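Trainee:
Number of protein chains: 2
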Amino acid sequence: MELKPVAKKFVLHWGEMGTTWGVNRTVAQIHALLFITGRPLNADEITETLDVARSNVSMSLKELSNWNLIRSVPLMGDRRDHYETTTDVWELFRTVVRERKSREFDPTIEVLRDCLKSGDIASEDKAAQLRIKETLALMEALSSWASEMIRLEPSTMMKVIKLGAKVQHLVHGKPSAAANSSATKSENARQSVKAAE
Amino acid sequence: MELKPVAKKFVLHWGEMGTTWGVNRTVAQIHALLFITGRPLNADEITETLDVARSNVSMSLKELSNWNLIRSVPLMGDRRDHYETTTDVWELFRTVVRERKSREFDPTIEVLRDCLKSGDIASEDKAAQLRIKETLALMEALSSWASEMIRLEPSTMMKVIKLGAKVQHLVHGKPSAAANSSATKSENARQSVKAAE
DNA sequence: AACTAATTTCAGTCTTGACTGAAACAACCG
DNA sequence: CGGTTGTTTCAGTCAAGACTGAAATTAGTT
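Sequence lines, in order, name chains H and L. Start counting the first sequence at 1155; every next residue gets the next number (our numbering). Start counting the second sequence at 1155; every next residue gets the next number (our numbering).
#1: Quick one: does R1179/H have its CB under 8 angstroms from some CB of chain L?
#2: Which residues share a DSSP beta bridge with N1196/L?
#3: State the CB to CB distance for the pair A1186/H and V1206/H, rounded to an integer number of angstroms; the pair is presumed to be in contact (CB under 8 angstroms).
#4: For the ligand COA, any of its heavy atoms closer than 7 angstroms to the Cβ of E1302/H?
#5: Less than 8 angstroms separating the beta-carbons of M1171/L and T1262/H?
#6: Any beta carbon of chain L sitting closer than 8 angstroms to that of Q1183/H?
#7: Return the CA-CA distance between N1220/L and L1296/H, expressed in angstroms with no decimal places.
#8: Alpha carbon to alpha carbon, what distance is there between I1184/H and L1215/H?
#9: Name the two residues that bound the continuous beta strand (DSSP E) containing V1321/L.
#10: Please report how far the alpha carbon of R1225/L lies from the alpha carbon of H1236/L, in whole angstroms.
#11: Quick check on the DSSP output: what are the complete beta strand (DSSP E) runs of length 3 or more inside the region 1274-1304 of chain L, in order along the chain?
#12: Using a beta-carbon distance below 8 angstroms, is P1159/H in contact with chain L?
#13: Within its chain, find whatever has a CB closer than 8 angstroms to the CB of L1266/H; leave out the 5 residues flanking it on each side and keep chain order.
#14: For K1328/L, does the count of other Cβ atoms within 10 angstroms reach 16, so buried, or fall short, so exposed?
#15: Whose C-beta lies closer than 6 angstroms to the C-beta of S1330/H among residues of the same chain, with five residues either side of it excluded?
#16: Suppose the cutoff is 7 angstroms on Cβ atoms and the five residues either side in sequence are ignored; what does the same chain contact list for I1200/H look like?
#17: So with Cβ pairs under 8 angstroms, would you call G1172/L a contact of chain H?
#18: S1272/L by DSSP, collapsed to three states: which one?
#19: What would DSSP say about V1165/H, mapped onto helix, strand or coil?
#20: For chain L, check one thing: does any of its Cβ atoms lie closer than 8 angstroms to the Cβ of A1281/H?
#21: Specify the secondary structure class of L1229/H as computed by DSSP and reduced to three states.
#22: Would you say K1255/L faces chain H, with C-beta separation under 8 angstroms as the test?
#23: Given this structure, state the Cα-to-Cα distance separating G1318/L from E1238/H, to the nearest angstrom.
#24: For V1227/L, go through chain H and note every residue whose CB falls closer than 8 angstroms to its CB, in chain order.
#25: What are the residues of the region 1262-1276 of chain L that lie near chain H, defined by any Cβ-Cβ distance shorter than 7 angstroms?
Put into structure tokens, the structure is as follows:
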């Protein structure tokens, strides 16, 4: 299976970005390939298309499973495992956020809590203690915020994203440079949201 | 300079996480050290505290500068460069988001636009074309959303985060499991925000 | 200018982890 | 059960990049 030029470009770029996103090149390339192809592929097709070792594909598929990014689909009359990924970018986004949160955020929150609980915390500077507390508070807030957001329906989430910084009017009277129109219009909105807290 | 137990734990953990966040261990450790210490340190103090090579510190400081995470502060009567990082976690968060966006998001948006502009795009499956378009649309939406959010005042941003999924009531009638109270209360809010778009 | 202090650069070493091919394993079939 | 097909494991190789020490460079001082 030979990729068309655009698909090839997409797969190669996704692979490169993967290395900065914390997964290795092959893993990201396989995911990109499944995404752009849009139908279940077996390991040999992937091996051939990406020109890497069969065993490398096997390990990378396992890694993608750990990320909940692929599922194996049985095909009538074919014993080989076939894999597919979602073609819904929003679901993809949700999965990535969920997984990264649990790998990159939650462990740190754990450690920070430990730090504050530990008997040794008292011997630190007051200012240092405060910074650890603030760091924890920020990470906890972001973490539960992310958990809430990924539960939303894609269409709802898109609307929230599009709304962007305009929500600030609901929590704060003073508009910033980012979105400074309609401050008066949303004044009653601000009231009701405050009431909802 | 010997670190107290909690500070040491913090620095070591931050260093480990750094590797999953896309910066190397020493870079993340230095940043954590400056953050927890809360006063400008010179390269030799850092070298000694973290027990790494002086030249490694030099390179890592340069890397932190590229990330806009540290600044050098002149100290009266001392020729050596001293470095500090912000002790405001929100400013820190903003900087990291800004930098990661420009490293990990913007280049991909560029490539996706290229893909769609290219003459070769027509030869791809209609479905594949659509997926690339949707991917681009999602990334553009997230990108400009992030740009708007990091322009907010920390206190405003915190309120927006705390508001969390409740904002969905402003854009969508049907509440989800995440935050399903006060749907009626925010009904007039929803109207006014829609009007503001 | 010569000397000293501080920093940066760089060639080489070392570590980590990605990748490979071969062998082991598992599932299915006749 | 032996043979066939497909998958996983694993020891060894390789590549990328983190780290070091020594040398070069820059800046400040007398």
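Don't be surprised by glycine CBs; every beta carbon is placed ideally from N, CA and C. In this text the structure is predicted, and so the values were computed from the model without any measurement.
Mentor: On the basis of the supplied data:
#1: No, R1179/H does not count as interfacial toward chain L.
#2: For N1196/L, DSSP records a beta bridge to H1236/L.
#3: Contact between A1186/H and V1206/H is absent: CB atoms are separated by about 13 angstroms, not below the 8 angstroms threshold.
#4: Questions concerning the ligand COA fall outside what the structure shown contains, since it holds no ligand whatsoever.
#5: In this structure, M1171/L places its C-beta atom within 8 angstroms of the C-beta atom of T1262/H.
#6: No, Q1183/H lies away from the interface with chain L (no Cβ there is under 8 angstroms from its Cβ).
#7: Their Cα atoms are separated by approximately 25 angstroms.
#8: For L1215/H and I1184/H, the distance between alpha carbons rounds to 8 angstroms.
#9: Premise fails: V1321/L is in no beta strand (DSSP E) and is neither H nor E.
#10: In a straight line, the C-alpha of R1225/L is about 8 angstroms away from that of H1236/L.
#11: You should have found no qualifying run.
#12: Interface residue, yes.
#13: Excluding sequence neighbours, L1266/H sits near I1286, T1289, L1290, M1293.
#14: Any answer about K1328/L is weak, because its pLDDT of 49 lies below 50 and its placement is not dependable; what the coordinates show is given next. Classification for K1328/L: exposed.
#15: Note that S1330/H scores 45 on pLDDT, short of 50, meaning its location in the model is unreliable; the coordinates nonetheless yield the value given after this. There are no such residues.
#16: Once the five neighbours on either side are set aside, the close Cβ partners of I1200/H are I1184, L1187, V1211.
#17: No, G1172/L lies away from the interface with chain H (no Cβ there is under 8 angstroms from its Cβ).
#18: Of the three classes helix, strand and coil, the one that applies to S1272/L here is coil, per DSSP.
#19: Three-state result, V1165/H: helix.
#20: Taking Cβ atoms only, chain L reaches closer than 8 angstroms to A1281/H, which makes this a yes.
#21: Here DSSP, grouped into helix, strand and coil, assigns L1229/H to strand.
#22: No, no contact with chain H.
#23: Here the alpha carbon of G1318/L sits roughly 32 angstroms from the alpha carbon of E1238/H.
#24: Identification of chain H residues near V1227/L by a Cβ-Cβ cut-off of 8 angstroms yields none; the smallest Cβ-Cβ distance measures about 17 angstroms.
#25: Taking 7 angstroms as the Cβ-Cβ cut-off against chain H, the residues of the region 1262-1276 of chain L that qualify are T1262, V1265, C1269, S1272, D1274, I1275.
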